[in-house]
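Enquirer:
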Amino acid sequence: MTEDNTADLAALKYTEEHEWIALSGDVATVGITDYAADQLGDIVYVDLPAVGATVTAGEVCGEIESTKSVGELYAPLTGEVVEVNADVVDDPALVNGDAFGAWLVKIQVDPADADALLDRDAYVALTGGEE
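Heads up: the sequence shown runs through residues 1 to 131, numbered per our numbering.
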């Protein structure tokens, strides 16, 4: 996904906890938004669920630490973690460089559950117009 491609961003789903979700069949790729990365500051540590773990929508499934604070990562959908981004675990600053490119986890989900998530317009309204 390219940073400036608003068509890509418009196709994503979002949560009130500032995660983005890209669906491909029954796999949801999850990351945090630019807004979240900016609020956190310089990200120095990422703790993600293990492959094979079951995560539950709305519950904490990981942690993101920055030089300013510690943030919790919430599962946007219920399902099984099928992949984690080892590059981000090894170099958490990748999220600050490209929040929409540095995904965190991939979760096998029921795609119909994504209907309850926010669309781009609702997310932008939630953040007061910030992306």
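All C-beta atoms in this analysis are idealised placements derived from N, C-alpha and C, irrespective of residue type, glycine included.
So residue 117 and residue 21 are in contact, right, with Cβ under 8 Å, and what is the actual spacing, rounded?
Expert: Position 117 of the sequence shown holds residue 117. Position 21 of the sequence shown holds residue 21. About 6 Å separates the two Cβ atoms, so the contact holds.
Enquirer: Does DSSP classify residue 117 as helix, strand or coil?
Expert: Position 117 of the sequence shown holds residue 117. Here residue 117 sits in coil by DSSP.
Enquirer: Work out the CA separation of residue 9 and residue 218 for me, nearest whole Å.
Expert: Not covered by the structure: residue 218. The range shown for the chain is 1 to 131.
Enquirer: Please name the residue in 46, 26, 35 whose C-alpha comes closest to that of residue 87.
Expert: On the sequence shown, position 87 is the one that residue 87 refers to. When each option's Cα is compared against that of residue 87, the closest is 46.
Enquirer: When you compare only the Cα positions, how much space is there between residue 16 and residue 109?
Expert: Stepping through the sequence shown from its first residue, residue 16 is reached at position 16. Stepping through the sequence shown from its first residue, residue 109 is reached at position 109. About 19 Å.
Enquirer: Measure the CB-CB distance between residue 37 and residue 75 and report whether it falls below 7 Å.
Expert: Indexing the sequence shown from 1 puts residue 37 at position 37. Indexing the sequence shown from 1 puts residue 75 at position 75. No; because the gap between Cβ atoms is not below 7 Å, this pair is not in contact.
Enquirer: Work out the CA separation of residue 23 and residue 121 for me, nearest whole Å.
Expert: The residue given as residue 121 occupies position 121 in the sequence shown. The residue given as residue 23 occupies position 23 in the sequence shown. Each residue's Cα considered, the two are about 18 Å apart.
Enquirer: So is residue 68 buried or exposed if we call it buried at 16+ other beta carbons inside 10 Å?
Expert: On the sequence shown, residue 68 is found 68 positions in, with the first residue counted as 1. Looking at its Cβ environment, which holds fewer than 16 other Cβ atoms inside 10 Å, residue 68 is exposed.
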